[in-house]
Every structure is written in structure tokens, then in C-alpha cells.
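There are 2 protein chains.
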Amino acid sequence: MEVIRGVRVLQARADAERAAGRRVALVPTMGALHAGHLSLVELARQRADRVWLSIFVNPAQFDDPLDLARYPRVMDDDLEACRKAGVDLVFAPPAQEMYPEGADTCVEVTALAAPLCGGSRPGHFRGVTTVVAKLLSAARPQLAVFGEKDFQQLAVIRRMARDLLLDVEILGAPIVREPDGLALSSRNRNLDPEARKQARVLVAALDAAEALVAAGERDSGRLLARVREEIGQAPRALLDYAELRDPEDLGEAPARLQAPTLLALAVHMEPGPDGGERVRLIDNRVLRPG
Amino acid sequence: MEVIRGVRVLQARADAERAAGRRVALVPTMGALHAGHLSLVELARQRADRVWLSIFVNPAQFDDPLDLARYPRVMDDDLEACRKAGVDLVFAPPAQEMYPEGADTCVEVTALAAPLCGGSRPGHFRGVTTVVAKLLSAARPQLAVFGEKDFQQLAVIRRMARDLLLDVEILGAPIVREPDGLALSSRNRNLDPEARKQARVLVAALDAAEALVAAGERDSGRLLARVREEIGQAPRALLDYAELRDPEDLGEAPARLQAPTLLALAVHMEPGPDGGERVRLIDNRVLRPG
Chain A
1 MEVIRGVRVL QARADAERAA GRRVALVPTM GALHAGHLSL VELARQRADR
51 VWLSIFVNPA QFDDPLDLAR YPRVMDDDLE ACRKAGVDLV FAPPAQEMYP
101 EGADTCVEVT ALAAPLCGGS RPGHFRGVTT VVAKLLSAAR PQLAVFGEKD
151 FQQLAVIRRM ARDLLLDVEI LGAPIVREPD GLALSSRNRN LDPEARKQAR
201 VLVAALDAAE ALVAAGERDS GRLLARVREE IGQAPRALLD YAELRDPEDL
251 GEAPARLQAP TLLALAVHME PGPDGGERVR LIDNRVLRPG
Chain B
291 MEVIRGVRVL QARADAERAA GRRVALVPTM GALHAGHLSL VELARQRADR
341 VWLSIFVNPA QFDDPLDLAR YPRVMDDDLE ACRKAGVDLV FAPPAQEMYP
391 EGADTCVEVT ALAAPLCGGS RPGHFRGVTT VVAKLLSAAR PQLAVFGEKD
441 FQQLAVIRRM ARDLLLDVEI LGAPIVREPD GLALSSRNRN LDPEARKQAR
491 VLVAALDAAE ALVAAGERDS GRLLARVREE IGQAPRALLD YAELRDPEDL
541 GEAPARLQAP TLLALAVHME PGPDGGERVR LIDNRVLRPG
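For the record, the sequence lines run as chains A and B. Our numbering puts the first residue of the first sequence at 1, with every later residue one more than the last. Our numbering puts the first residue of the second sequence at 291, with every later residue one more than the last.
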């Protein structure tokens, strides 16, 4: 497995792969790899001749400097996990490769990036689209794979790639969960044991809404009330948002659900009486009435 | 000479040229081609195996809908000029190819795009960088050539290409002038005869400033006063801006010139008593104190 730090070297590799007629899939990550990332690698392998994975903790997408400082960084473990998973190439650039001195350019998706996490985390998606545009320029893959846990991120990146005429397929991969249902996230490492236990409330809320829809409930207000009630069961969970949205354009869902509808949740797990960190978790599910 | 209207077809051509080891130079234009554009084609030919020219009047970079409506469109003449100049391929996309329905993404350079034309034409450079990013995605050239008449545009595009890690060289080409010194511009076609005559005042102002510098003048205030005085000779010329700037980062020049300094001018040629159109013209020169 090759580890590359420089953009020019990577671009030369990309040209060589294209010239040889090989299809490259890129899995962009911020490291702290878990089984969710490895499922993206697996999907990439099924769809391409080469799997490249990037590890870059992108400062521009953090609205909160503390969150950036606490974001887990475990490069040696990550490289070992990539080797075991059969990744062909890891791109792990230093910050100055991605943001050269005097960097002054951003890539921004407007409407799709405004609600949900875009509302809670100002500038977050601008940072995401800017760095993903750069990673796609650097690696020039035919395919890039992102997890559906970050549902809005996937929609925003898809829109960006389409709008900028990037010649790349953007593929979403299903959420991978712990045995108790918690969606895998690098941030889960920052949960203390009690917060980890209570974090199950996110998937419990999604399950509850799904069960109501299966039982015939179509009223969005009652569905969201049920979600809030469920989140309220966990004293350490502070709801950031719970919203029903059109899965395509992320527009607000109608008062009565008719078509498949995204239920998106974000929760802050608050520090306990003995301290601990505030950790923001997200999860989502597409509800399918009738 | 091939004429292509679709992005996917162009991308397939680009892949084929790369696979064959041929170097492509792109000359992005908004059409209404003149000898200035043809000098870009000539420069492109010297530096690449294939010369591609794009013709797209980009709505997103017009801050003034009237200016967009009046922008000259002469596709048949343009194609004939390209044939004669030995252009290999013309990319002339309809608007929906460049801005698919629901397009929601922009590429923006911040600091470099703020002064000069960025101040006079809000959103102009965001439109330019967005469309140039798309054209570079669509054509994937090794080289793209832009005229130095749009000095700030060239600087902004260079910064964007560097920041987004685009694997393309951005080349500037010297200003081409009419026999009386007026810089060639597609907008010159919209000047009535009297405005055309008075438009010579732009190059006269640049000449006057250059002569003062050659004579030892270093005071930026006196240089700009001389420029304004010269512009004032033309009753139909309304000064938009006259500024001295660092040619690299477009920062404000010091009160006393020491290093090479950009003198950038923008003027509105006003309608005459018998009507006519308001036409905005720009010009520039790098002044080189001893």
C-alpha cells in the first residue's frame, strides 16, 4: 500500500491509472477509521480497479475550534486498517498541500446546504465542498464514495459534482451501526460510557417514527413530537434538530407525508456531572409511507 | 474543425487527447472574436498540440442585465474566424449544459476579487470563476490562455486554479491594440463613432502615467491626478476607477512607487446627445519605476 502526501505526486498517479484504463474509486475520510469507513472501501472495491482513501482532518469544515482540536487523530491505526482492508493507496496530505499559503477560494452549494446541519454549523458545508472539490482535483477518481449517515453532505456533494461538471460518480453507502443500533461515527470515541449508553436514543427515535409510519401515521407534527419525546428519555441528549425533509432537494416535507421522506436528527450529548465532553451526533432514516 | 455542444462529448474528447499523449490548450471566450482572441489562439498553438476555443456568453458574470442583452453575439462569424485561425475544436454549449436545472454551486475567490472590477461589478468574478471552473472540468486542458486586458480576471483565475489544485497552467497573453492604441474588446463594437474616438483617452492616460514615471515621478497621488486629468479630456468618458495596485496580490500600492505597479482603469463611455449606448471599457499597464 502506497502512502502519498503531495498533490502533484497523486495527480501523476491518477494520470497513470487513467492511461492504463484502470478505474479509481476514492473514499474521502477524516481518519479515525471505523467499520463504516471500511464498508465504503468494500463498496469501492466492488466498483473499481483501485481503491484510494484520503485522510485529512479539514479545518475549514469545523465551525467550532474545540471540536477540531478534539477530533480523533490516529494515523498509525488508520494506515494499519487500510492495509488490512486492501486499500491500494492512502493520500494523507499536510494542511499546506490542501490550503497553500494565501488560499482564497471556496466552493459553495447554496440552497441544499442551508437547512439542517447547514443551519447549526455555519460555514460547515462550504468547508466540505471546498475540500472535496480539491480532493477530486487531486485524485481525479471515476468514483467517490460517501456514507449516508451524512445524508445532507452526500446530497450537497452530489449537487456540487453535477454543477461543476466534474466527471465523477458520487456513490452513497448505507449506514453501518453498532449492535445496539448507534450509527458508527469517529466522534463516538469521544463519548464517555454513560453518554455512549444514552446515545442509543437517536436510533430509538428513528425506530419509533418508522413504527408509527408503518402503523399508518402520516401527520408530520405527530411524528416529530414522538421523536422529541424519545430523545427526551435521555437526560444527557440535547436536541439540535429533528426535521422531515424531501430526500432529493431537502425542502420541507408537507404536513401529511405521502412520498418517501427524510427524518434527520442531530443531538448534542452533554457532559455528565463528572465532566466529559460535549459530542454532536447525527443520524437519519428515509421514512416510506404506504 | 469540430464544433461540440455537449459537456459529456467534450470530456470524452479530452480523455482521448490525454490518452494519446497530446497537450490541449483551451482559450475560453464569450465570442465576438477579435484580433486579441486570435493572439490567444496563436499563443496556445505555440504551447500545445491542440487548440480548443470555447464560446459561451456567461449570464452569471453580468451584473447588469442590459449589458448581457447587448453583449454582441455573432456565432457564424466566430466559427469562420476560428476555422481561419486553425482552431481544432470549438466548444459552444447551450446555457443548460453549463448551468443544469437547479444549479446551486458557485466558486469564489475572495480577497483578490474584491477591489477594482470586483467593487464596481458585484458578483462578476464569482460568475467568472464559477464558469471557468466548469469549462476547465469540461475540457480538462493542460493549458488555458487568458488576455492581460482583464488583468484582475487573470489573477483571480490563476489563484482559483492554484487553490483548487487544478492540474492546469494558466497563461496570460499581452494586450492587443487598435492602431490608435485602444485595447481590443468585444464591447468596442457597441461604441458609436464619437465614443470610439474619445475611447482613446484610456490608453492616453496610461501613456501619460508611464511617461511621468519614466521622467522620475514616484508619487502615486500625482500619477493618479494626471490619469484623471487625461480622462477628463473626453467629455463622454466617465471614470469608474483609476487605481495603483500590487500586480501580484492586487493590494493597494504605497504612496511612493518603488516596485512594478499595476495601473488599472475602468471608464464608462456615456451615450451622446443623439443617443447611443453606455459602454464600459477597461485597460491597464504595469508601471516600472527605474
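We treat Cβ as the ideally placed atom computed from N, Cα and C, and that holds for glycine.
Check: Using DSSP with H/G/I as helix, E/B as strand and the rest coil, what is residue 178 of chain A?
Finding: coil
Next item on the list: Compare the C-beta of residue 270 of chain A with all C-beta atoms of chain C and state if any pair is closer than 9 Å.
Entry: The structure shown contains no chain C; its protein chains are A and B.
Notebook entry, point to check: DSSP puts residue 531 of chain B in a beta bridge; with which residues?
Noted result: B:556
Item checked: CA-to-CA distance, residue 81 of chain A to residue 289 of chain A, given in whole angstroms -> 39 Å
Notebook entry, point to check: If you pair each beta-carbon of the segment 339-350 of chain B with each one of the segment 375-387 of chain B, do three or more pairs fall below 8 Å?
Noted result: yes
Check: Applying a beta-carbon distance threshold of less than 9 Å, which residues of chain B neighbour residue 106 of chain A?
Finding: 396, 397, 398, 399, 400, 453
Note to self: In this structure, how does DSSP classify residue 229 of chain A when only helix, strand and coil are distinguished?
What the structure shows: helix
Next item on the list: Return no unless some Cβ of chain A is closer than 9 Å to the Cβ of residue 427 of chain B.
Entry: yes
Next item on the list: Determine, using beta carbons only, whether residue 319 of chain B comes closer than 9 Å to chain A.
Entry: no
Next item on the list: Just mark residue 544 of chain B as buried or exposed, buried being the case when its beta carbon has 16 or more other beta carbons within 10 Å.
Entry: exposed
Next item on the list: Check each candidate in A:67, A:32, A:283 and name the one with the smallest Cα separation from residue 205 of chain A.
Entry: A:283
Notebook entry, point to check: When Cβ atoms are compared, which residues of the segment 430-461 of chain B fall closer than 7 Å to chain A?
Noted result: 449, 450, 452, 453, 454, 455, 456, 457
Notebook entry, point to check: Quick check: the segment 18-34 of chain A against the segment 61-72 of chain A, are there 3 or more CB pairs under 8 Å?
Noted result: yes
Checklist line | DSSP-derived helix/strand/coil call for residue 130 of chain A | finding: helix
Notebook entry, point to check: Is the shortest distance between the beta-carbon of residue 392 of chain B and the beta-carbons of chain A less than 9 Å?
Noted result: yes
Note to self: If I follow the unbroken alpha helix (DSSP H) through residue 248 of chain A, where does it start and stop?
What the structure shows: Run containing residue 248 of chain A: none; DSSP gives neither H nor E here.
Note to self: Using CA atoms only, rank isn't needed, just tell me which of A:214, A:190, A:207, A:211 is closest to residue 67 of chain A.
What the structure shows: A:190
Notebook entry, point to check: Closer than 9 Å, CB to CB, is residue 249 of chain A near chain B or not?
Noted result: yes
Note to self: If you reduce the DSSP assignment to three classes, tell me which class residue 58 of chain A lands in.
What the structure shows: coil
Next item on the list: Please list the partners that residue 423 of chain B has in chain A, where partner means a Cβ-to-Cβ separation under 7 Å.
Entry: 164
Note to self: Let's see if you can read the secondary structure: which residues bound the alpha helix (DSSP H) around residue 164 of chain A?
What the structure shows: First-last for residue 164 of chain A: undefined, no H or E at that position.
Next item on the list: Grab me the residues of residue 216 of chain A's own chain with a C-beta within less than 8 Å of its C-beta, minus the 5 sequence neighbours each way, in chain order.
Entry: none
Item checked: Endpoints, the beta strand (DSSP E) within which residue 28 of chain A is located -> 24-29
Next item on the list: Kindly say whether residue 19 of chain A, judged by its beta-carbon, lies nearer than 9 Å to any beta-carbon of chain B.
Entry: yes
Next item on the list: Starting from the beta carbon of residue 11 of chain A, find every residue of chain B whose beta carbon is closer than 9 Å, and list them in chain order.
Entry: 455, 457
Checklist line | At least 3 beta-carbon pairs within less than 8 Å: the segment 118-129 of chain A vs the segment 97-110 of chain A | finding: yes
Check: Which two residues bound the contiguous alpha helix (DSSP H) that contains residue 496 of chain B?
Finding: 491-504
Next item on the list: Starting from the beta carbon of residue 24 of chain A, find every residue of chain B whose beta carbon is closer than 8 Å, and list them in chain order.
Entry: Here the premise fails: no neighbours, minimum Cβ distance about 14 Å.
Check: Does the beta carbon of residue 388 of chain B sit closer than 9 Å to a beta carbon anywhere in chain A?
Finding: yes
Checklist line | Candidates A:170, A:196, A:169, A:167, of which the one nearest residue 180 of chain A by Cα | finding: A:196
Check: To the nearest angstrom, how far is it from the Cα of residue 498 of chain B to the Cα of residue 516 of chain B?
Finding: 7 Å
Next item on the list: Leaving out five residues on either side along the sequence, give the residues of the same chain with a beta carbon under 7 Å from the beta carbon of residue 560 of chain B.
Entry: 526, 528, 568
Next item on the list: Compute the Euclidean distance between the alpha carbons of residue 303 of chain A and residue 155 of chain A, then round it to the nearest angstrom.
Entry: Any property of residue 303 of chain A remains undetermined from this structure, which presents chain A solely from 1 to 290.
Check: If we ignore side chains and look at the alpha-carbon of each, how far apart do residue 467 of chain B and residue 7 of chain A end up?
Finding: 40 Å
Margin query: For residue 523 of chain B, tell me which candidate among B:310, B:439, B:503, B:489 has the shortest Cα-Cα distance.
Written below: B:489
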